[in-house]
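Engineer: Can you read through this structure? Questions will come right after.
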Amino acid sequence: MINIPVIRWGEPYESLETDEVIHHRTGEVLAKVSQANPGLLARDMRKAARAREALREIPIKDLIEMMKKAGDLYLNATLPLGDGEQTPDDFARQQSASTGLPEHMCKFNMEKNHFVLNHMDQIFDALTRGLDLEILQRGFGVEERGVPVSYQAQSPVLGMVLPSNSPGVHTLWMPVIPMQIGLVLKPGPQEPWTPYRMFAAFTEAGVPREAIGIYPGGGDMGAETVSRCGRVMIFGSTQTVKNYSGNEQVQVHGPGYSKILLGDDVVDQWEDYLDLMADSIYKNSGRGCINCSGVWASRHTEEIAEALAERVGPYEVKDPTDPEAGLAAFTVPGQAEAIWGMIEEGCEESGTTHATEKHGARLEQMERCDYIRPTILHCDSPDLKMANTEYMFPFTSVVKCSQEQMIEKIGGTLVASAITNDETWAAKLTDATNIDRLNIGAMPTIALNWLQPHEGSIVDFLFSARAYQTPDERLKRLCNGG
Amino acid sequence: MAELEQKIEEAKAALNAHVAEIVKWHFSPETGCPFWLDWAKDAGWDPATEVKSLDDLLAKFPNFEDEWLRDKQPEVWVPAKFKGKPFNIFETGGTTGMPKQRIGWEDYKIDYSEFSDTLDDAAFPRDHYWLMVGPTGPRRLRLSIEHLANVRGCSCYFVDLDPRWVKRLISEKQFDQAKAYMEHVVDQATTIMKNRQVSALFTTPKLLESIAERYENEGSSLYDAGIRGVFCGGTTMDPQYTRFLCEELLENKIGFVPTYGNTLMGLAKHKPLTPEDKYSITYYAPQPRALMRVLNPDTNAPVGYGEWGRVELTTLTKEFFMPRFLERDEAIRREPIEPYPWDGVAEVRPFGALTKKIVEGVY
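The listed protein sequences correspond, in order, to chains B and H. Residue 208 in the numbering used here sits at position 208 of the first sequence, with consecutive numbering throughout. Numbers given in the numbering used here equal positions in the second sequence, counted from 1, plus 1000.
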């Protein structure tokens, strides 16, 4: 059992209030995590400017190199954690034990984080659209094409209110430190592991400790993080997304409602895309916002639902240490039961059928956790209640909808993989503002190109482009002609 | 230890005698109040003769119902001996609907005069100025704090905070309004502090945090502002929060006196914090005038020492008798100590705080 402190600009602080992180199968206490009170963050935020100052003392190109080193340390090294140490295997075991994600998926997530850190230079180049790093560092400069530009940081730190159930989201905040912006992390109660291991890896790689704060706590700490940080990224429900709509300080990552759309020109060959559909639904336990939760087509939908049910329905619950385990446990008491209740209720609506029913009971309840096995529904109309839902397990509704209506009826969609060769429809999809990440062609929803922005560019969120006028002589002198 | 045991026994004996005297007072026609005399007639037994000890009281009286304090006119609570003497009407609750009302004459002065003896003169200098920032209006607290200041030769400034309004704003999710109101209160408090000499502050924990933050944002501190003692109560102060207040806001330089009390019971004293306490605050009722027990909510039996339970209050003064009132608080039962040789209650928080959302807000 490890005691994990609050981190106040790099300095450990042991709180008198702790929260236990529990193994979802055995009940073992994996860690006691110090809980911050909102006042601590409020006080520490007075020194937030120092976080950015410390980072600005290091050139961005050096910070990028530190990220690469940190990636290697994160993946391979034994690193300090609270009053103990943590090997990479410990990390995967602990993360699996508290989040319910199978161990091999935790290791896959480590590879993913490592990839992002190791390719930070390319990712940075893509996110900044090839901006000279010196310009971002200085705040102004002249682009190669001779145009003066200026980017102003909107906050010395980025606050992150992180979730418990999806370790994949951490890639989103990794480019922040090399942008010379500090981090205030509020970890999810069941997933303190990544923020602390990243902190250890970053600081061991040379990132100034005072650039990072980690403030574990309850909902009040999340609210304090939102109210105190000039820029905040949070993860939550559709309601959370609505609550912060129009608030430019807050970037909300809600449910993805990601979908595969089969065009009329390819739908008769639907069987060719069955693997792609199954992978999009099932991989990484179906927990991510980029996992597919809807397959939409104008015909053959019953057959598609049957075939997908045949493919994913038989998957069984396996021990999280089993390399074949494909399902993640629900570790919050009552959550799986409540979700299954909603699905059963939805299936009562005429036009909705449960295609995986014949493959055995879906809800499996254990002493300290529950599972829901992959579930495929068929909806014969896009207006049915279950036609546009998302749950944090492999779940998909196959929805019958005309191609003509599809863009309007799918609603907000994080990833749309539209399989079509119809360029007229592709052009309409390109213009659809309810779709964030658009894949045109046979691509699974879970295939991410790291060089592309995710739900808006983090550079645009943290920096504002503005006019900056000064005599040419000064510009040349300060920018050294660059 | 033997000395403490002896004190515990003496306190028990004193409490039993006091219970017998107070019950006799309230249930005798020549001294008692209409409410209890009528109650005894309906109950069919005579408390004046049948209650000789605390055990008798606990065995024979049901829980006091707070509706009685809402529904009845104040005069039903006037003991015969006080008839004709104008009384204070103090209120508690009332965010929506009729508040609970308790009448009184001298009780609050007795409680707070006694409390003054526990204050350190270095933190709460005599012949100086206090500031109360918190619920005034119809609350006993306002007169009590002024009396406490006066007893110490001090005068007190006041800034009001209406907790009913704050609770309503928070319940209705009008967080911006609640924040604006809090800023308004802090503005008034810091104006007084900057323009007058104030050394002692009575306020709620959240307001203390906001006042301190205001000073710190200006590069100053509560200590630099002249504050030497803080008397704080009203909402939950768990150990981590208490530590935060002491270490970060008061810089371990300003005396900190946490309080637990209410209009119905009076004022409990806290055990002075030692390193072994790890900032866990324990309060002791002003026995024998009031008594606090910590009960298992399912069985109504006292919990063991160190265990959580619901707080039950009994008030035993000639002005007011309130047997076995179940508070909306829970706490840990703690052992008697030398200065207070009876049970204490620690880490008080709203009843069910771990299982339901409680609106405490700035108050």
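Every residue, glycine too, gets a C-beta built ideally from N, C-alpha and C.
Beta carbon of ALA1014 (chain H), beta carbon of LYS1052 (chain H): below 9 Å?
Structural biologist: Their beta carbons are not under 9 Å apart, which means ALA1014 (chain H) does not touch LYS1052 (chain H) by this criterion.
Engineer: So LEU40 (chain B) and PHE1244 (chain H) are supposed to be a Cβ contact under 8 Å. How far apart are they, rounded?
Structural biologist: LEU40 (chain B) to PHE1244 (chain H), Cβ: 6 Å. Contact.
Engineer: For THR1274 (chain H), count neighbouring C-beta atoms within 10 Å of its own C-beta (all shown protein chains included) and say buried if the count is 16 or more, exposed if not.
Structural biologist: exposed
Engineer: Whose Cβ in chain H lies nearer than 7 Å to the Cβ of SER15 (chain B)?
Structural biologist: GLN1240
Engineer: Would you report the Cα separation of LEU451 (chain B) and VAL116 (chain B), rounded to the nearest angstrom?
Structural biologist: 10 Å
Engineer: Using the Cβ count rule (16 or more neighbours within 10 Å means buried), how would you classify PHE1175 (chain H)?
Structural biologist: exposed
Engineer: Give the single residue among H:ALA1285, H:LEU1148 and H:ASP1120 whose Cα lies nearest to the Cα of LYS1109 (chain H).
Structural biologist: Ranking the options by Cα distance to LYS1109 (chain H), first place goes to H:LEU1148.
Engineer: How is the alpha helix (DSSP H) around THR214 (chain B) delimited, first residue to last?
Structural biologist: In the sequence under discussion, the amino acid at residue 214 (chain B) is Ile, which differs from the Thr named in the question. Note, ILE214 (chain B): premise wrong, no alpha helix (DSSP H); beta strand (DSSP E) at 212-214.
Engineer: What would DSSP say about ALA1080 (chain H), mapped onto helix, strand or coil?
Structural biologist: helix
Engineer: Just tell me which of B:ARG209, B:HIS354 and B:LYS32 has its CA closest to the CA of GLY10 (chain B).
Structural biologist: B:ARG209
Engineer: Helix, strand or coil for CYS229 (chain B)? Go by DSSP, reduced to three states.
Structural biologist: CYS229 (chain B): coil per DSSP, three-state reduction.
Engineer: Taking the alpha-carbon positions, what's the PHE108 (chain B) to GLN365 (chain B) distance?
Structural biologist: 26 Å
Engineer: Are there three or more Cβ pairs, one per stretch, closer than 8 Å when the segment 473-480 of chain B is compared with the segment 126-143 of chain B?
Structural biologist: yes
Engineer: Using a Cβ-Cβ cut-off of 6 Å (strictly less than) and excluding sequence neighbours within five positions of LYS400 (chain B), which residues of its own chain qualify?
Structural biologist: THR301 and ASP380
Engineer: Taking ALA42 (chain B) as the query, report the chain H residues whose CB atoms sit under 9 Å from its CB, ordered along the chain.
Structural biologist: GLU1209 and GLU1213
Engineer: Going by alpha carbons, who is nearest to ALA278 (chain B) out of B:GLY217, B:ALA307 and B:VAL266?
Structural biologist: B:ALA307
Engineer: Name, please, each residue of chain H whose Cβ falls closer than 8 Å to the Cβ of GLN35 (chain B).
Structural biologist: GLN1240
Engineer: If you measure from the beta carbon of VAL1362 (chain H) to each beta carbon in chain B, is any gap under 9 Å?
Structural biologist: With a pLDDT of 44 at VAL1362 (chain H), under the threshold of 50, the modelled position of that residue is not reliable, and no figure is offered here.
Engineer: Just tell me which of B:TYR244, B:TYR196 and B:GLY294 has its CA closest to the CA of GLU390 (chain B).
Structural biologist: B:GLY294
Engineer: Might you give, ordered along the chain, the residues of its own chain that have their beta carbon closer than 6 Å to the beta carbon of LYS1318 (chain H), omitting 5 neighbours on each side?
Structural biologist: TRP1025
Engineer: Spatial neighbours of LYS112 (chain B) within its chain, please: CB distance less than 8 Å, with the 5 preceding and 5 following residues excluded, ordered by chain position.
Structural biologist: GLY168 and THR171
Engineer: Excluding sequence positions up to five away, which residues of its chain have a Cβ less than 6 Å from the Cβ of ALA328 (chain B)?
Structural biologist: GLY100, LEU101, SER285 and ARG287
Engineer: For the segment 1117-1124 of chain H and the segment 1246-1258 of chain H, state whether three or more C-beta atom pairs, one from each stretch, are separated by less than 8 Å.
Structural biologist: yes
Engineer: Whose C-alpha, out of B:PRO323, B:ALA153, B:MET1 and B:ALA465, is nearest the C-alpha of LEU55 (chain B)?
Structural biologist: B:ALA153
Engineer: I want to know whether the segment 237-244 of chain B touches the segment 43-62 of chain B - three or more CB-CB distances under 8 Å.
Structural biologist: no
Engineer: Could you name the residues of chain H that ARG46 (chain B) contacts, counting a contact when the two beta carbons are closer than 8 Å?
Structural biologist: GLU1216 and ASN1217
Engineer: For the 8 Å Cβ check, are there 3 or more pairs between the segment 345-354 of chain B and the segment 122-132 of chain B?
Structural biologist: no
Engineer: Would you list the one or two residues that DSSP bridges to PRO1258 (chain H)?
Structural biologist: H:CYS1232
Engineer: Counting only beta-carbon separations shorter than 9 Å, does GLY334 (chain B) have a partner in chain H?
Structural biologist: Among the residues facing chain H, GLY334 (chain B) is not included, as its CB has no counterpart in that chain under 9 Å away.
Engineer: If we ignore side chains and look at the alpha-carbon of each, how far apart do GLU1360 (chain H) and GLY1233 (chain H) end up?
Structural biologist: Residue placement at GLU1360 (chain H) cannot be trusted, given a pLDDT of 46 that sits under 50; what the coordinates show is reported in the next sentence. Near 12 Å, if we compare the C-alpha coordinates of GLY1233 (chain H) and GLU1360 (chain H).
Engineer: Taking GLY5 (chain B) as the reference, which of B:PRO192, B:VAL317, B:THR353 and B:LYS47 has the closest Cα?
Structural biologist: First, the residue type needs correcting, since residue 5 (chain B) is Pro and not Gly in the sequence shown. Comparing Cα-Cα distances from PRO5 (chain B) to each of B:PRO192, B:VAL317, B:THR353 and B:LYS47, the minimum goes to B:PRO192.
Engineer: If you draw a straight line from the C-alpha of TYR74 (chain B) to the C-alpha of PHE91 (chain B), how long is it?
Structural biologist: 10 Å
Engineer: Quick check: ALA1225 (chain H) and SER1280 (chain H), are their CB atoms within less than 9 Å of each other?
Structural biologist: no
Engineer: Which runs of the beta strand (DSSP E) spanning at least 3 residues fall entirely within the segment 1054-1099 of chain H, listed in chain order?
Structural biologist: 1088-1092
Engineer: Report yes if the CB atom of THR413 (chain B) is closer than 9 Å to the CB atom of ASN434 (chain B), and no otherwise.
Structural biologist: yes
Engineer: Going by beta-carbon coordinates alone, are LEU377 (chain B) and GLU337 (chain B) separated by less than 9 Å?
Structural biologist: no
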